[in-house]
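Residue 39 in the numbering used here sits at position 39 of the sequence shown, and the numbers go up by one each step.
Let me begin by presenting the structure, written as structure tokens, before commenting on it.
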Amino acid sequence: MRDDATILGGMAQGANFWPMDMESAGLVMTFQRNTSVFRAGIHYATTEMRDGSTINERYTLQPVYYPTPMGPVHIGDAYQYDVPNLSKSIRYIVYVLGFDTDIGCDFRLTGEYGRRVVPDFDGAPDSHGGYLSLHKKIGKWTPYMTCSGLLSARKVLNMFNAINSYQIYGPADFLNPAQRQLVDSINAYDQYTLAVGTSYSLTPKQKIKAEWGQTRIRDTSAFIDNPPGSRISDSNINVFSISYSIMF
Numbered sequence: 001m002r003d004d005a006t007i008l009g010g011m012a013q014g015a016n017f018w019p020m021d022m023e024s025a026g027l028v029m030t031f032q033r034n035t036s037v038f039r040a041g042i043h044y045a046t047t048e049m050r051d052g053s054t055i056n057e058r059y060t061l062q063p064v065y066y067p068t069p070m071g072p073v074h075i076g077d078a079y080q081y082d083v084p085n086l087s088k089s090i091r092y093i094v095y096v097l098g099f100d101t102d103i104g105c106d107f108r109l110t111g112e113y114g115r116r117v118v119p120d121f122d123g124a125p126d127s128h129g130g131y132l133s134l135h136k137k138i139g140k141w142t143p144y145m146t147c148s149g150l151l152s153a154r155k156v157l158n159m160f161n162a163i164n165s166y167q168i169y170g171p172a173d174f175l176n177p178a179q180r181q182l183v184d185s186i187n188a189y190d191q192y193t194l195a196v197g198t199s200y201s202l203t204p205k206q207k208i209k210a211e212w213g214q215t216r217i218r219d220t221s222a223f224i225d226n227p228p229g230s231r232i233s234d235s236n237i238n239v240f241s242i243s244y245s246i247m248f
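What follows is the structure in structure tokens.
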């Protein structure tokens, strides 16, 4: 969280966690032909708060009243929990398609697409994403190029942008830190990555890999810990990595 809203009944600044329990079941089918593999799967999961408390499905713009001796006085409007839309659990339905195929001349093409459907909630990670990777075997070297993306459903991005762009003025402006916490709690993604790298086989069971990847964040990414102030958007993030793996 970018702001401390504990005085307003919110959360402290920094990392916050919600203990939750999840149950999941799924079915995956794999088809192999020669050196190519194709896979399809469907998974269903439900999550609940560990303490049994309710989960908010969406936020709506509601009037804010301040108590006075003359009765409640309307001092502004703010996004708040939509009380009629509180639930005990969240449903997830995940569809996955993937392949790994030989396209000749020691080139292989690998790809995967996933669709995560959250039918009941606007602020949950309802999204779709995937990657496509082309790699070529050259002796012990395997250079590759990968492009990938992760995009939230339109309902999630619409709610994120509506709250993120809303600013409270006047007597109710003290609620702005709580408004920013609502934004920070929305799992929204709008990002794309292009990566190039290579791996080198030391032995049949040991491998070293080096990679450079650039991620373009458009509206937002819940993967990023935002500093105090505005959220990170319209930014590029470069990641350089070197890894070593071994199989036993």
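Think of the CB as a built atom: it goes at the ideal place given N, C-alpha and C, for glycine as much as any other residue.
Small disclaimer: the values here were computed from a predicted structure and weren't measured.
Residue state for M1 is assigned as coil, using DSSP reduced to three classes. When the alpha-carbon of R2 is set against those of M247, A222, F240 and Y244, the nearest one is in A222. Ranking K205, L134 and Y44 by CA distance to the CA of F248 puts K205 first.
In the structure shown, the three-state DSSP call for F38 is strand. Here the stretch 138 to 154 makes contact with the stretch 191 to 204; the two share three or more CB pairs at distances below 8 angstroms. Burial of T220 is indicated by the presence of at least 16 other C-beta atoms within 10 angstroms of its C-beta.
Burial of F121 is indicated by the presence of at least 16 other C-beta atoms within 10 angstroms of its C-beta. When secondary structure is reduced to three states using DSSP, M11 falls in the coil class, being assigned neither helix nor strand. A direct Cα-Cα distance of roughly 21 angstroms separates A78 from T54. Cβ neighbours of Y95 within its own chain (closer than 6 angstroms, five residues either side excluded): I42 and R115. Looking at the backbone, the Cα of T6 and that of A172 are separated by about 16 angstroms. DSSP places A188 outside any beta strand (DSSP E), giving it a letter other than H or E.
Contact between L157 and M145 fails: their C-beta atoms lie close to 28 angstroms from each other, not under 8 angstroms. Within a 10 Å sphere around the beta-carbon of F160 sit 16 or more other beta-carbons, which makes this residue buried. According to DSSP, residue pairing for A124 in a beta bridge does not occur.
By the criterion of a C-beta distance shorter than 6 angstroms, C147 is surrounded in its chain by L132 and L194, once the five residues flanking it on both sides are discounted.
Excluding sequence positions up to five before and after P63, its CB lies within less than 7 angstroms of the CB of H74 and D77, all in the same chain and listed in chain order. In this structure, G149 sits near G129, with a CB-CB distance shorter than 7 angstroms. In the DSSP assignment, W141 forms a beta bridge with I138 and Y200. Taken in chain order, the complete beta strand (DSSP E) segments of 3 or more residues contained in the stretch 92 to 122 are 107 to 117.
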